[in-house]
Amino acid sequence: MSYAPDHRAPRRAAFDILRGLTGRAGAGCLVAAVGLLAAGCSVKGADNANLIAGKKEFVAKCGSCHTLARAETKGIVGPNLDAAFRASVAEGLERGTVRGVVEGQIANPNKAGVMPKDLVSGSTLRDIAAYVAQVADLPGKDSGLLATAVEAPGAGKPAVESGGKLSIAASPSGQLAYVTDKAAAKPGAVTIEMPNTSGVSHNIAIESGEHGASGSGTVLGASEFLTKGSAKVTISLKAGTYTFFCQAPGHRAAGMYGTLVVK
Ligand code: HEC
Numbered sequence: 001m002s003y004a005p006d007h008r009a010p011r012r013a014a015f016d017i018l019r020g021l022t023g024r025a026g027a028g029c030l031v032a033a034v035g036l037l038a039a040g041c042s043v044k045g046a047d048n049a050n051l052i053a054g055k056k057e058f059v060a061k062c063g064s065c066h067t068l069a070r071a072e073t074k075g076i077v078g079p080n081l082d083a084a085f086r087a088s089v090a091e092g093l094e095r096g097t098v099r100g101v102v103e104g105q106i107a108n109p110n111k112a113g114v115m116p117k118d119l120v121s122g123s124t125l126r127d128i129a130a131y132v133a134q135v136a137d138l139p140g141k142d143s144g145l146l147a148t149a150v151e152a153p154g155a156g157k158p159a160v161e162s163g164g165k166l167s168i169a170a171s172p173s174g175q176l177a178y179v180t181d182k183a184a185a186k187p188g189a190v191t192i193e194m195p196n197t198s199g200v201s202h203n204i205a206i207e208s209g210e211h212g213a214s215g216s217g218t219v220l221g222a223s224e225f226l227t228k229g230s231a232k233v234t235i236s237l238k239a240g241t242y243t244f245f246c247q248a249p250g251h252r253a254a255g256m257y258g259t260l261v262v263k
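Residue 129 in my numbering sits at position 129 of the sequence shown, with consecutive numbering throughout.
Written as structure tokens, this is what we have:
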């Protein structure tokens, strides 16, 4: 696909136009907002955008396609948003201006591109844009209430097989993760179910051994892909350690895997 060169030219132009139109007026406001956030006492961005809601919605609606370090999202379908705004932020372009560019992109994505139109609107759109503008290419980690706005991926209770069934849900938040990264089963035939309510396409596959984010290449069984519903795969397992993971491009590398112990 050739969307990158096509969309970059107009986007640069948008920056230049915005740069010309906006003075430095927004800068103080943003510095104040960042200062308050660092102190953990405010979650309101400039003009009261709700950054906590913005972060949650970003993870749910945008993170499966975009990497943004502070949101801990690792999608690879669209551009890395830290990198996308790095030059602009380094050149001293106000983050308020970045926010305008993000709002514009959400409202009017490249028609020939992959990014869906009308993903979000209204206050959700503003909250997401405010959050992205505030944290793009910002070193460190979110603090205070923003730090806990989104559950850590894979931190849920381990999944345990019962009666030959093992349920490992995809993260409902849209994160590239299952709700847990640990599962246990007895030897024999096991039906692994992956309930998915996220709207992001996932599956669940099994390989023997513990291979983390990279994989051994030998897949013992894999479910179908779906965006909503419950995917299933039945396999016969001997005692040992296995890895369960999602086969959608980039999802395993982003952290969508876990360890299944059979004994
Ligand atoms: C299905 C994948 C997908 C989703 C979901 C998605 N995007 Fe995108 N996004 C892309 C792609 C691909 C591009 C590259 C340009 C194009 O195709 O329009 C892009 C471009 C962008 C850009 C421009 C970056 C640059 O380099 O100029 C921004 C900003 C952006 N997206 C923000 C968002 C936000 C915020 C959301 C959530 C509301 C979102 N995207 C959801 C795929 C996605």
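The C-beta atom is built at its ideal place from N, Cα and C for all residues, glycine as well.
These figures come from a predicted structure and were not determined experimentally.
Do residue 195 and residue 167 have their CB atoms nearer than 8 Å?
yes
Backbone secondary structure at residue 231 - three-state DSSP
strand
Supposed contact pair residue 127 and residue 53 - C-beta distance, whole angstroms, cut 8 Å:
5 Å
Going by DSSP, which residues form a beta bridge with residue 194?
231
How about residue 221 and residue 205: are their beta carbons less than 8 Å apart?
yes
Can the beta-carbon of residue 215 be found closer than 8 Å to that of residue 207?
yes
Roughly how far, in whole angstroms, is the beta-carbon of residue 189 from the beta-carbon of residue 236, given that I think they are within contact range, below 8 Å?
5 Å
Going by the C-beta, is residue 59 closer than 7 Å to any heavy atom of the ligand HEC?
no
If you follow the alpha helix (DSSP H) that residue 125 is part of, which residue opens it and which one closes it?
122-135
Let me know if residue 148 comes out buried or exposed under the rule of 16 or more other beta-carbons within 10 Å of its beta-carbon.
exposed
If I'm right that residue 260 touches residue 183 with Cβ under 8 Å, what's the distance once you round it to whole angstroms?
4 Å
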